[in-house]
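In the working numbering, the protein residues as written are 6 to 185. In what follows, a single structure is set out as structure tokens and then discussed.
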Amino acid sequence: MKSNSSRNLLAVAVGIKQKELVNAMVRKFLFRGYSVMLFHYDGNIDRVIHVSAINQTKWWFAKRFMHPDVVVAYEYVFLWDEDLGVDYFDPLRYVSIVKEEGLEISQPALDGNRSEVHHQITSRGRRGKVHRRTYKHDECDEDSTGPPCTGWIEVMAPVFSRPAWRCVWYMIQVCLSYSL
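Following this line, the structure appears as structure tokens:
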């Protein structure tokens, strides 16, 4: 492996409707030295080699094209949705926080002032670099041990360490619409 080769991979299932967001995401990650893999679910492709399968999800593509042995060179795999803004996101800083916190599966939090938040656990906490639980009305408290209060990730932008991806890949069920 060359010394300047990427140690992290961004993989996104994409369609033409989100072209501007995808372009911004790809530029940001490429600028930070990441490898990028795009899977097209709408059949719109250009002169570059693409993988296209109409009406498929990122999990469908991941199960078929991202076997752990294929992506073993990458320290982290970012398997993101296409509709995420990255204006305020720094991939290198994110990986440094993930390493510092010892996270094997993670997801960047949304900024509640800049994004629509559907699940409170996806919203960035005000204290600390990471949060591992959320408090929601009467459902979650300090003794909570299960979803959606703890141990749960809404899978819009999951990030997997190499060992975690090896484990998760075997759990992906391509016959389900959300797969996990």
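We put the CB at the ideal spot given by N, CA and C, even for glycine.
As assigned by DSSP and simplified to three states, the class of residue i
i	result
Arg149	Reading the sequence as shown, one finds Ser at residue 149 and not Arg. Ser149 falls in the coil class under three-state DSSP.
Tyr175	helix
Ile59	coil
Tyr99	helix
Ala18	strand
Phe70	helix
Ser166	strand
Chain-order list of residues whose beta-carbon lies under 7 Å from that of residue i (same chain, five-residue window excluded)
i	result
Asp47	Gly20, Ile21 and Ile59
Cβ distance (whole Å) where residue i is taken to contact residue j below 8 Å
i	j	result
Lys63	Leu84	6 Å
Val17	Leu43	6 Å
Lys33	Phe94	7 Å
Arg12	Glu105	Not really, about 16 Å apart at Cβ, beyond 8 Å.
Among the options, the one whose alpha carbon lies nearest that of residue i
i	options	result
Gln23	Phe34, Pro73, Asp88 and Arg12	Asp88
Trp174	Leu15, Lys134 and Val76	Val76
Gly38	Ala169, Pro96 and Arg167	Pro96
Ser111	Lys33, Val164, Glu105 and Met30	Val164
Leu26	His72, Ala78, Gly133 and Asp92	Asp92
Val82	Gly90, Leu14 and Pro73	Leu14
Pro113	Ala162, Tyr79 and Phe66	Ala162
Ser101	Phe66, Asn49 and Ser166	Ser166
Arg171	Glu121, Asp116, Glu109 and Thr150	Glu109
Ala169	Asp51, His72 and Gln61	His72
Asp86	Val31, Asp146 and Val103	Val31
Ser40	Glu121, Gln61 and Ala78	Ala78
6 Å Cβ shell around residue i - same chain, five flanking residues per side excluded
i	result
Glu65	This sequence places Trp at residue 65; Glu is not what is there. The residues are Val179.
Starting from the N-terminal side, write out each stretch of the beta strand (DSSP E) that is 3 residues or longer and does not extend beyond the region 24–56.
-> Whole beta strand (DSSP E) segments, 3+ residues: 40–45.
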